[in-house]
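Read left to right, the sequence shown gives residues 7 to 491 (the numbering used here).
Glycine included, every Cβ here is placed at the ideal spot set by N, Cα and C.
Remember, predicted model here, so these are calculated numbers, not experimental data.
Here is the structure we will look at, set down as structure tokens.
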Amino acid sequence: MLSPDFVNSYLDSHLGERQVNKIQHSFPSPRYWNELSVPLDELDEDRRRLREMYGSSPVFLYIGVPYCIKTDPGKCGYCLFPVEEFQGNAALENYYGYVEREAEMYREQMEGTVLTGAYFGGGTSNLYKAPVYHRIMDMVRRLFPEISREADLTLEGIPQLFTREKMEAIAGSGMNRISMGVQQVNERLNSLSGRKQTTKHVIQSLEWAREFGLSVNVDLIFGWPQQTVDTLLEDLETLVSWEVYDITHYELNVGGPTDFALNRYHELPSTLANLELYRAGRDFLLEHGYRQLSTYNFRRPGDPAARGFREGYSTTRFEHMDNLGLGYAAISFFNDPALAPGRSWSFINHRSLPRYKAAIDEGQFPVERGFRHAPEDFLLTVLFRSLISTEIDRTRYRAALGLDIYEKFATVWDALAERGLAEITPEWIRLVGDGAFYAPMISSLIAEERYRELREEAAQRKKEARRPAVTGVTTLPVPGVGSGG
Ligand SMILES: C[S@@+](CC[C@H](N)C(=O)[O-])C[C@H]1O[C@@H](n2cnc3c(N)ncnc32)[C@H](O)[C@@H]1O
Ligand code: SF4
């Protein structure tokens, strides 16, 4: 266990630092995913065993699109996701054909599973023309004949690419939610990203979504260049006045060779100013009847079109995780405590489009690399998810994993509680106050000991890889290791 002194000095030095949003990828960070051969046949066997054991097995599906429309600056000035410039509809449809073929490769593996939710993301998934949404849902139904009645089936897109015809097709296909990347309602601030999005696009898309009974999430980003508490509150006021029930408010993740990192760094609010932005946004939304459902997501009850989705939270077997990722750069997670040690995985599909397609042409699963979880990694994965939901149910951890999650990381929880960032009761550990803002940093702290071990293992592998004439080496040097968890 981390010593109280270490935990306190870690918190002292990190509370004022810009956070890196690693929480999305769960544990560990993808820089440690260095197994180039992921045994999909082993996963197939394990899925069957779990189904025999539990009766049925819930699966969450993600499908990605590589393309985005060109912006100046490129990649919207801030985006860190792997994306390719849109090359026209023929290339998009050609890509989609590959996704259908990949889905077919998983069909037998998915027999007897239940689809609990799906996310069609990217890239920009509303680049597809209207008829394709029906094709996508037909493919999903072939892959998952059983879809939970509560399933959120969300298509992500940008406001300027929705049309009435597309919205009708999205709803008609059986999808039931859209997530719109708005980032800034303020047109002047938004234009810094090179996106040609107007307020009219946003309002119009909201109206069409309502007309066809789709539930709507709006993504915003705080910590944007030149953003102030006033512009943030104006944006939120506008969204509340438009009756947007579901708002996801990400903190800007700055990094890589993006325009914001290279050319607008001096215009970004400081870390402490980001905390002020976070507090102002949170308090405003709570005062207006929204509930904080995760570190980033706020929802107002009463949305006639909504179901019960909550990120990081599951009402059934919370410790089971089967996220199937299809398409370019899609990520899959597979975890369950009943699996033998070393049989849990995180993996990512090829981030090179030609390689993604070539693998499928060769009849191979298009997996680029993965991480085989040791039992302690499995626990961290589950805990990272609980932290996203801002609360940890100690009773469920006891029942499912046979351990007291408080005891396991007591020095961290105690230090957080002393600083007013967490609340500990016999049943729960909850992030309170600014705790949710610091969730990425808290996750890194909790994983600190395991990250140390992984860094040592990676350094060892690097050393071995430098030795000449070694045959049968299946791992690559790990990119970026040594620069922190
Ligand atoms: C990967 S994008 C895809 C959706 C769509 N292409 C769009 O731009 O709206 C999904 C969401 O991630 C968020 N996002 C992208 N880059 C980010 C960054 N550097 N920091 C924080 N959030 C980011 C944005 O809010 C965006 O809506
Ligand atoms: S923010 Fe969205 S539209 Fe912009 S580059 Fe990233 S994925 Fe594409």
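Boundaries (first-last residue) of the beta strand (DSSP E) holding residue i
i	result
W434	434 to 437
H255	252 to 257
E117	Neither: E117 is in no beta strand (DSSP E) and is coded neither H nor E.
N428	Per the sequence shown, the amino acid found at residue 428 is Ala instead of Asn. That run of the beta strand (DSSP E) goes 428 to 430.
I153	153 to 163
M186	183 to 189
N196	Taken as a continuous stretch (DSSP letters only), N196 belongs to no beta strand (DSSP E), being part of the alpha helix (DSSP H) at 193 to 197.
L133	Where L133 is concerned, there is no enclosing beta strand (DSSP E), given that its DSSP letter is neither H nor E.
Residue nearest to residue i in terms of C-alpha spacing, selected from the options
i	options	result
G80	E273, S199, Q210	S199
G180	S197, I164, E213, D144	D144
G118	E257, M59, F218	M59
L49	E293, F340, V235	F340
F218	A175, R194, R425, M186	A175
G187	R194, P151, G61, V224	V224
G123	G22, A364, D328, D440	D328
G308	P64, P432, E249, A445	E249
N513	K135, G287, K414	With the chain running from 7 to 491 in the structure shown, residue 513 is simply not present.
K414	K363, Q370, L385, A442	L385
A286	S15, I142, D236	D236
E293	I337, E325, L239	L239
T169	E23, I142, W214	W214
H379	F353, T401, Y362	F353
I337	E325, S221, F371, R183	F371
N182	L220, K172, S197, N196	L220
Contacting residues, own chain, Cβ-Cβ under 7 angstroms from residue i (five flanking each side not counted)
i	result
A267	V260, G261
F390	I29, S32, F33, S449
L229	In the sequence on display, residue 229 carries Gly and not Leu. Taken in chain order, the residues that qualify are E257, L258, L274, P275, N280, L283.
A423	E429, I430
H255	L226, F228, G287, Y302, F304
N269	none
S211	P165, F168, M186
K492	Because the chain spans 7 through 491 in this model, residue 492 falls outside it and cannot be assessed.
Nearest-angstrom Cβ-Cβ length linking residue i and residue j, presumed shorter than 8 angstroms
i	j	result
T396	R436	7 angstroms
L17	A421	6 angstroms
L359	F290	Going by Cβ atoms, the distance from L359 to F290 rounds to 41 angstroms, so no, they are not a contact pair.
F377	E41	7 angstroms
T417	V13	5 angstroms
L167	N192	So it is not a contact: roughly 20 angstroms between Cβ atoms.
N355	E374	6 angstroms
Y444	L427	6 angstroms
V26	V65	Not really, about 29 angstroms apart at Cβ, beyond 8 angstroms.
D265	G83	4 angstroms
Own chain partners of residue i with C-beta closer than 6 angstroms, once the 5 adjacent residues on each side are dropped
i	result
K76	E91
Y125	Y68, T160
E152	V120
Delimiting residues of the alpha helix (DSSP H) encompassing residue i
i	result
R148	136 to 149
T277	277 to 293
S19	10 to 20
P218	The identity of residue 218 in the sequence shown is Phe, whereas the question assumes Pro. Note, F218: premise wrong, no alpha helix (DSSP H); not H, not E.
R53	46 to 60
F266	265 to 269
I69	Run containing I69: none in the alpha helix (DSSP H); it sits in the beta strand (DSSP E), 63 to 71.
S300	Careful: S300 lies outside any alpha helix (DSSP H) and carries neither H nor E.
F353	Per DSSP, F353 belongs to no alpha helix (DSSP H); it is in the beta strand (DSSP E), 350 to 355.
V246	235 to 247
A368	Here residue 368 is Glu; the residue named in the question, Ala, does not match the sequence. That residue, E368, is in no alpha helix (DSSP H); it is neither H nor E in DSSP.
I452	445 to 452
Residues near residue i by beta carbon distance below 8 angstroms, same chain, minus five either side
i	result
G305	Note that residue 305 is Arg in the sequence shown here, rather than Gly. Excluding residues within five positions, the ones whose Cβ falls inside 8 angstroms are Y251, D252, I253, Y296, R297, L299, A312.
P381	P347
D383	F33, P34, S350, F377, R456
V476	With a pLDDT of only 47 at V476, under 50, the local geometry of the prediction cannot be trusted, and no value is derived from it.
Y271	V260
P88	P72, Y334, A335, R357
D78	G200
is_contact[residue i, chain D] using C-beta, thresh 8 angstroms
i	result
Q203	Protein chain content of the structure displayed is limited to a single chain, and chain D is not contained in it.
Contact test: residue i Cβ vs ligand 4 heavy atom, cutoff 7 angstroms
i	result
N280	Looking at this structure, you won't find ligand 4 anywhere; what it does contain is ligand 1 and ligand 2.
Decide yes or no for the touch test of the segment 322 to 333 against the segment 97 to 117: beta carbon pairs closer than 8 angstroms, at least 3 of them.
yes
Indicate whether the contact test is met: 3 or more Cβ pairs, each with one atom in the segment 404 to 424 and one in the segment 138 to 152, closer than 8 angstroms.
no
So, does the segment 273 to 290 touch the segment 37 to 51, judging by three or more C-beta pairs under 8 angstroms?
no
Is it a yes or a no for the segment 92 to 109 touching the segment 64 to 75, going by three-plus beta-carbon pairs under 8 angstroms?
yes
The segment 199 to 213 / the segment 150 to 162 touching (three or more Cβ pairs under 8 angstroms):
no
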